[in-house]
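Novice: Before I ask anything, let me first share the structure, which is written out below as structure tokens.
Number of protein chains: 2
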Amino acid sequence: MTEKSASKAQAITSEVRRRIVDREWRQGDRIPDEAELAVEFGVARATVNKALQLLAEEGLLDRKRRAGTHVTVNPARKATLTIPIVREQIEGAGMEYSHRVVAQKRSPLPAEAAARMALPEGRVLIHLRTVHYGDGRPFQVEDRWINPVAAPGAEAIDFQRINANEWLVRNFPWSRADMAFSAENADARNARLLETRQGTALLILQRTTFNDLGAITSARLAFHPGYMLIATP
Amino acid sequence: MTEKSASKAQAITSEVRRRIVDREWRQGDRIPDEAELAVEFGVARATVNKALQLLAEEGLLDRKRRAGTHVTVNPARKATLTIPIVREQIEGAGMEYSHRVVAQKRSPLPAEAAARMALPEGRVLIHLRTVHYGDGRPFQVEDRWINPVAAPGAEAIDFQRINANEWLVRNFPWSRADMAFSAENADARNARLLETRQGTALLILQRTTFNDLGAITSARLAFHPGYMLIATP
DNA sequence: TGCGAAAATAAGTTTAGACATAGACTGGAA
DNA sequence: TTCCAGTCTATGTCTAAACTTATTTTCGCA
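Going down the list, the sequences are from chains A and B. First residue of the first sequence: 0, per numbering that gives the first Met the number 0; consecutive thereafter. First residue of the second sequence: 0, per numbering that gives the first Met the number 0; consecutive thereafter.
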């Protein structure tokens with residue numbers, strides 16, 4: 000075993016990964032079965048199983064009953080994104096957080112948002128537009144619809160005082176979430192709110208969450224120009 | 000148990016998730032310990048452990064030795080992105096794939112790419128610019144640097160014939176990868192290659208992979224206007 | 001030769017039991 | 001009161017053994 004690790008399973012994971020990266024085991028090769036590796040590493044088969052399942056989730060191995068374990072030929076590239084709460088993200092960067100609610104009112108749902116939330120167009124929901132600032136400079140414009148049916152109590156909240164994002168996250172766990180990235184030229188309003196020129200390219204993140212009662216909320220976040228979102232593998 | 004699932008551990012995962020979503024167990028609450036749940040569900044403690052570890056990875060539970068298991072107060076929103084091989088992505092959408100190599104030559108590395116790859120500026124690498132098409136319409140512009148030190152054999156490949164992405168993925172497993180999203184206004188060249196107007200907002204995905212010998216390749220993908228990248232939770 | 005049933009195999013899952021360990025708690029010494 | 005050392009506890013990990021199940025392989029029969 001070349002790697003020292005907290006656990007035996009981790010050590011085996013590292014060693015197998017090394018053999019793949021160093022091409023001792025090549026793409027498409029069948030690797031020894033769990034029982035053999037258990038003997039080689041001097042551990043129980045369950046431990047090898049755990050290690051190999053990890054690598055299979057990562058996409059490095061393909062495992063099939065009876066057929067054995069093979070090194071994946073075309074590993075799909077997976078990445079995990081962690082979307083922190085805006086305030087934590089800004090404070091984590093050492094800046095002072097503030098936010099301003101530009102609009103809060105009950106409005107009929109437009110077609111696009113209705114499709115995302117699987118609700119009928121025209122249904123009256125709570126509509127919020129908020130700008131989040133770091134050290135007084137605009138960081139993100141949030142355009143959010145909240146469904147009071149799935150998030151009871153939302154009508155009574157003053158989102159000037161409590162960040163909608165945090166209130167929802169703390170009070171309404173979701174069972175399903177959709178998320179999508181895109182790019183968009185800033186329209187007049189977003190340009191003004193983000194203090195940039197109209198037409199500037201903005202990174203857009205759309206996110207809708209659901210619970211048993213339907214869509215809880217759908218947010219459309221426009222980041223300030225030049226923002227880069229980092230993903231970890 | 001409300002859910003039927005392939006395995007007992009999965010069934011417990013679903014049931015615990017349900018209790019959290021239905022707010023039987025609230026944010027911050029301490030939940031019964033593994034031994035108690037094992038009795039309740041009539042399984043071994045190891046099975047409960049597996050189920051709860053899954054939910055902890057998902058970010059729904061916080062687990063600490065001796066302190067027990069608590070429902071996460073501010074669940075960080077995690078999403079997994081799968082970046083497929085372009086060709087598979089296009090063919091998967093039912094379109095016919097084609098690509099065109101606009102430029103392939105050895106060039107000195109510019110500062111920006113050098114930083115991403117942790118290589119000295121000016122080092123001579125292989126530089127490729129490729130357009131990927133679906134049904135003849137531009138889908139993505141790829142701007143790629145390949146390091147022949149970490150990817151030996153790359154000099155000899157004719158990337159007109161073999162897609163660089165696929166050749167690298169099949170031949171050079173990586174041990175680390177960086178990935179970032181951003182938005183950018185199309186410059187004259189990208190506008191021409193993507194058959195759109197200059198200034199149009201484009202979604203940009205940058206990706207750099209490394210092995211023991213250093214950076215293998217760094218790619219900068221510009222998607223066609225309007226493209227949305229979907230993430231699954 | 002072709003086909004379908006039966007056997008074989010490798011991974012998937014579970015269990016009971018054991019020990020390891022982080023970290024919260026306690027009680028006593030300074 | 002403060003702090004430190006020791007105790008306790010819930011999770012973390014591992015094991016050996018058994019059973020389950022998807023899939024491939026084999027083999028006998030038509």
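Backbone N, C-alpha and C fix where the C-beta goes; we use that ideal spot for every residue, glycine too.
Check whether the region 24-32 of chain B and the region 58-77 of chain B are in contact - that is, three or more C-beta pairs closer than 8 Å.
Specialist: In short, these stretches touch, since the Cβ pair count reaches three.
Novice: Phe138 (chain A) versus chain B: which residues are under 8 Å apart at the beta carbon?
Specialist: By Cβ distance, chain B contributes nothing, its closest Cβ being about 15 Å from Phe138 (chain A), past 8 Å.
Novice: Along the chain, where does the beta strand (DSSP E) containing Phe222 (chain B) start, and where does it finish?
Specialist: From DSSP, the beta strand (DSSP E) with Phe222 (chain B) extends over Gly213 to Phe222.
Novice: Write down the C-beta distance between Arg219 (chain A) and Glu165 (chain A) rounded to the nearest angstrom, noting that I regard them as a contact closer than 8 Å.
Specialist: Between Glu165 (chain A) and Arg219 (chain A) the Cβ distance is about 18 Å, and since that is not below 8 Å, they are no contact.
Novice: Is it the case that the region 123-131 of chain B contacts the region 139-155 of chain B, given that we only count it when at least three CB pairs across the two stretches are under 8 Å?
Specialist: Judged by Cβ distances under 8 Å, the region 139-155 of chain B makes contact with the region 123-131 of chain B, as three or more pairs qualify.
Novice: Tell me the DSSP secondary structure of Gly133 (chain B) in three-state form.
Specialist: DSSP places Gly133 (chain B) in strand when its eight states are reduced to three.
Novice: With DSSP collapsed to three states, give me the class of Thr12 (chain B).
Specialist: Three-state DSSP puts Thr12 (chain B) in a helix.
Novice: Which residue's Cα is closest to the Cα of Ser217 (chain B): B:Val42, B:Pro109, B:Thr68 and B:Asp134?
Specialist: Here the closest residue by C-alpha is B:Pro109.
Novice: Look up Val70 (chain A) in the DSSP assignment and say whether it is helix, strand or coil.
Specialist: Strand at Val70 (chain A).
Novice: Is there a Cβ of chain A sitting closer than 8 Å to that of Gly198 (chain B), yes or no?
Specialist: It does: the Cβ of Gly198 (chain B) has a partner Cβ on chain A nearer than 8 Å.
Novice: Using three-state DSSP, classify Asn296 (chain B) as helix, strand or coil.
Specialist: An answer regarding residue 296 (chain B) cannot be provided, because it is not within the stretch 0 to 232 covered by chain B.
Novice: Closest by CA to Ile19 (chain A), which one among B:Pro172, B:Ala102, B:Phe209 and B:Arg188?
Specialist: The option with the nearest alpha carbon to Ile19 (chain A) is B:Pro172.
Novice: How many angstroms separate the CA atom of Thr235 (chain A) from the CA atom of Arg128 (chain B)?
Specialist: The structure shown does not extend to residue 235 (chain A), since chain A is modelled only from 0 through 232, so no value can be given for it.
Novice: Below 8 Å, how does it come out for the region 133-142 of chain B and the region 88-98 of chain B: are there three or more Cβ pairs, yes or no?
Specialist: The region 133-142 of chain B vs the region 88-98 of chain B: in contact.
Novice: Less than 7 Å between C-beta atoms, sequence neighbours within five positions excluded: which residues of the same chain meet that for Lys7 (chain B)?
Specialist: Once the five neighbours on either side are set aside, the close Cβ partners of Lys7 (chain B) are Val42 and Thr46.
Novice: Among A:Gly198, A:Ile215, A:Ile229 and A:Ala182, which residue has its Cα nearest to the Cα of Ala221 (chain A)?
Specialist: The option with the nearest alpha carbon to Ala221 (chain A) is A:Ala182.
Novice: Is it buried or exposed for Thr68 (chain A), if we count other Cβ within 10 angstroms and need 16 for buried?
Specialist: By the 10 Å Cβ count, Thr68 (chain A) comes out buried.
Novice: List in chain order: all unbroken beta strand (DSSP E) runs of 3+ residues lying wholly within the region 71-97 of chain A.
Specialist: Complete beta strand (DSSP E) runs here, min 3: 76-82.
Novice: Rounding to the nearest angstrom, what Cα-Cα distance links Asp186 (chain B) and Ile215 (chain B) in this structure?
Specialist: Taking the straight line joining both Cα atoms gives about 27 Å.
Novice: Among A:Ala176, A:Arg76, A:Val38 and A:Ala66, which has the Cα closest to the Cα of Glu56 (chain A)?
Specialist: For Glu56 (chain A), the nearest C-alpha among the options comes from A:Arg76.
Novice: May I ask you to list the residues that DSSP assigns as paired with Trp144 (chain A)?
Specialist: Paired residue(s): A:His126 and A:Ser217.
Novice: Closer than 7 Å between beta carbons: that is the criterion. Which residues of the region 69-90 of chain A meet it against chain B?
Specialist: Residues Val72, Asn73, Pro74, Ala75, Arg76, Lys77, Ala78, Thr79, Leu80, Thr81, Ile82, Pro83 and Ile84.
Novice: Tell me whether the beta-carbon of Asn189 (chain B) lies closer than 8 Å to the beta-carbon of Ala200 (chain B).
Specialist: No. Outside cutoff.
Novice: Comparing alpha-carbon positions, which option in A:Pro232, A:Met116, A:His98 and A:Ala10 lies nearest Asn48 (chain A)?
Specialist: If we check each option's Cα against that of Asn48 (chain A), A:Ala10 comes out closest.
Novice: In the region 107-141 of chain A, which residues sit with their C-beta less than 8 Å from some C-beta in chain B, listed in chain order?
Specialist: Listed in sequence order: no entries.
Novice: I want to verify the contact list: residues of chain A whose CB lies under 8 Å from the CB of Phe158 (chain B), in sequence order.
Specialist: Those within 8 Å of Phe158 (chain B) in chain A number zero; the least Cβ separation is about 17 Å.
Novice: What's the call for Leu80 (chain A), buried or exposed, on a 16-neighbour Cβ count within 10 Å?
Specialist: So Leu80 (chain A) ends up on the buried side.
Novice: Could you name the residues of the same chain whose beta carbon sits closer than 8 Å to that of Ala113 (chain B), not counting the 5 residues immediately before and after it, in chain order?
Specialist: For Ala113 (chain B), where only same-chain residues beyond five positions count, the Cβ hits under 8 Å are Pro119, Glu120, Gly121 and Arg122.
Novice: Taking only beta-carbon positions, decide if Ala34 (chain A) is within less than 8 Å of chain B.
Specialist: So no, Ala34 (chain A) is outside the interface.
Novice: Which residue from A:Glu33, A:Glu141, A:Arg169 and A:Glu14 puts its Cα closest to that of Lys63 (chain A)?
Specialist: Nearest of A:Glu33, A:Glu141, A:Arg169 and A:Glu14 to Lys63 (chain A), Cα basis: A:Glu33.
Novice: Taking the straight line between their C-alpha atoms, what separation do you get for Asn210 (chain A) and Ser174 (chain A)?
Specialist: C-alpha separation (whole angstroms): 5 Å.
Novice: DSSP three-state call for Val42 (chain A): helix, strand or coil?
Specialist: Three-state result, Val42 (chain A): coil.
Novice: As a quick exercise: from B:Gly225, B:Leu204, B:Arg169 and B:Met178, pick the residue whose alpha carbon is nearest that of Arg196 (chain B).
Specialist: Nearest C-alpha to Arg196 (chain B): B:Gly225.
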